[in-house]
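Report on one structure; see the data block that follows.
Listed below in structure tokens is the structure:
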């Protein structure tokens with residue numbers, strides 16, 4: 026092999042290493058850049074859609090902790106976007122379906138995702154098939170065991186108390202009614218949470234005020 030060919034090969038290798046180094050040094054786009062601002066803008070746009078379609082298939086529900094002061098599903102007047110959850114009704118409630126009380130438990134199907142489409146939690150995979158998939162059961166009221174409190178976020182409790190059995194919604198929860206400034210596994214801080222949520226069954230505690238038994242006797 027001549028010296029000219031050897032020199033050319035060495036030159037090409039130098040360029041190749043240089044290009045490779047440049048490629049490795051090129052920063053990748055951060056999918057969570059300006060995350061808080063993007064999520065605030067997103068929930069603002071959802072609130073606008075819900076208000077515009079107040080007489081259609083949208084519901085706006087006030088934080089259940091504040092409902093003693095205001096009407097729970099009011100869609101008129103000025104309001105704080107971050108104190109409401111927004112529900113697009115995908116499937117209506119079944120005839121005779123009941124809504125849960127705060128002391129009830131619920132069986133639900135759900136899938137939770139971020140505004141960029143990343144799924145952070147789900148009770149089923151693929152398309153929902155109630156003949157195949159099993160619902161998950163939650164207590165609406167938080168419980169404390171060995172000093173640790175476990176319960177649903179405020180946004181989901183708020184929505185579920187306005188749903189009836191058989192109802193399926195697309196639920197939008199502002200960060201304020203989710204995890205706020207705290208980050209969780211797969212959920213960055215200040216995240217708007219989006220759920221495909223179906224209420225399958227309300228489970229009422231057995232006792233003197235057993236609502237399910239009272240309904241059967243009527």
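Residue numbers (this note's numbering): 26 to 243. Virtual Cβ for every residue (Gly too), placed ideally from N, Cα, C.
Inset, instruction - Give a yes or no on whether the C-beta atoms belonging to residue 84 and residue 114 are separated by under 8 Å. - result: Taking the first residue of the chain shown as 1, we reach residue 84 at position 59. Taking the first residue of the chain shown as 1, we reach residue 114 at position 89. Cβ distance < 8 Å, so residue 84 and residue 114 count as in contact.
Legend entry - Closest Cα partner of residue 132 within the set 54, 119, 161: Within the chain shown, residue 132 is the residue found at index 107, counting from 1. Comparing alpha-carbon positions, the option among 54, 119, 161 lying closest to residue 132 turns out to be 161.
Legend entry - Euclidean distance between Cα positions of residue 195 and residue 149: The residue given as residue 195 occupies position 170 in the chain shown. The residue given as residue 149 occupies position 124 in the chain shown. The alpha-carbon of residue 195 is positioned some 16 Å away from that of residue 149.
Inset, instruction - Tell me, please, which residues DSSP counts as bridged to residue 248. - result: Lying outside 26 to 243, the shown extent of the chain, residue 248 is not represented and no answer is given.
Legend entry - At least 3 beta-carbon pairs within less than 8 Å: the segment 116 to 135 vs the segment 202 to 215: Remark: fewer than three beta-carbon pairs, one from each stretch, lie closer than 8 Å, so the segment 116 to 135 and the segment 202 to 215 are not flagged as touching.
Inset, instruction - Mind reading off the beta-carbon distance from residue 89 to residue 182? Whole number of angstroms is fine, and I expect it under 8 Å. - result: Taking the first residue of the chain shown as 1, we reach residue 89 at position 64. Taking the first residue of the chain shown as 1, we reach residue 182 at position 157. Yes, residue 89 and residue 182 are in contact; Cβ-Cβ is about 6 Å, under 8 Å.
Inset, instruction - Give the range of the alpha helix (DSSP H) segment to which residue 73 is assigned. - result: Position 48 of the chain shown, counted from the first residue, corresponds to residue 73. For residue 73, the enclosing alpha helix (DSSP H) stretches over residues 60 to 77.
Legend entry - Residue interval of the beta strand (DSSP E) (run including residue 162): As a first step, residue 162 must be located in the chain shown, where it is residue number 137. Note, residue 162: beta strand (DSSP E), 161 to 164.
Inset, instruction - Kindly list the residues whose CB is nearer than 7 Å to the CB of residue 177, restricted to its own chain and excluding five residues on each side of it in sequence; keep chain order. - result: Mapped onto the chain shown, residue 177 falls at position 152. Beyond the five residues adjoining it in sequence on each side, residue 177 comes within less than 7 Å, by CB distance, of 163, 165 in the same chain, given in chain order.
Legend entry - Where residue 108 sits in the DSSP three-state scheme: Stepping through the chain shown from its first residue, residue 108 is reached at position 83. Of the three classes helix, strand and coil, the one that applies to residue 108 here is helix, per DSSP.
Inset, instruction - Round the Cβ separation of residue 217 and residue 199 to the nearest angstrom and send it over; I've been treating them as touching at under 8 Å. - result: Position 192 of the chain shown, counted from the start, is the residue given in the question as residue 217. Position 174 of the chain shown, counted from the start, is the residue given in the question as residue 199. Correct: roughly 6 Å between the Cβ atoms.
Inset, instruction - Would you mind stating whether residue 222 and residue 135 have Cβ atoms separated by less than 8 Å? - result: Looking up residue 222 in the chain shown gives position 197. Looking up residue 135 in the chain shown gives position 110. In this structure, residue 135 lies closer than 8 Å to residue 222 by Cβ.
Inset, instruction - Determine the closest residue to residue 192 out of 77, 147, 228, 224, with distance taken between C-alpha atoms. - result: Translated into the one-based positions of the chain shown, residue 192 becomes position 167. Looking at the Cα atoms, 224 is the closest of the given residues.
Legend entry - Coarse secondary structure for residue 209, derived from DSSP in three states: What you label residue 209 is simply residue 184 of the chain shown in a count that begins at 1. In this structure, residue 209 counts as strand in the three-state DSSP scheme.
Inset, instruction - Check whether the Cβ atoms of residue 186 and residue 117 sit closer than 8 Å, and answer yes or no. - result: Locating residue 186 in the chain shown gives position 161, counting from the first residue. Locating residue 117 in the chain shown gives position 92, counting from the first residue. No, they are not a contact pair.
Legend entry - Short Cβ contact (8 Å threshold) for residue 68 with residue 215: Walking along the chain shown from the start, residue 68 turns up at place 43. Walking along the chain shown from the start, residue 215 turns up at place 190. Taking C-beta atoms as the reference points, residue 68 and residue 215 fail to come closer than 8 Å.
Inset, instruction - With DSSP collapsed to three states, give me the class of residue 157. - result: For the purposes of this step, residue 157 is identified with residue 132 of the chain shown, where counting begins at 1. DSSP places residue 157 in coil when its eight states are reduced to three.
Inset, instruction - Assign residue 226 to one of three DSSP states: helix, strand, or coil. - result: Against the chain shown, residue 226 aligns to sequence position 201. Taken through DSSP and simplified to helix, strand or coil, residue 226 comes out as strand.
Legend entry - residue 107 versus residue 156: straight-line alpha-carbon distance, rounded: Here residue 107 corresponds to residue number 82 of the chain shown, with the count starting at 1. Here residue 156 corresponds to residue number 131 of the chain shown, with the count starting at 1. Spanning the alpha carbons of residue 107 and residue 156 requires a straight line of approximately 36 Å.
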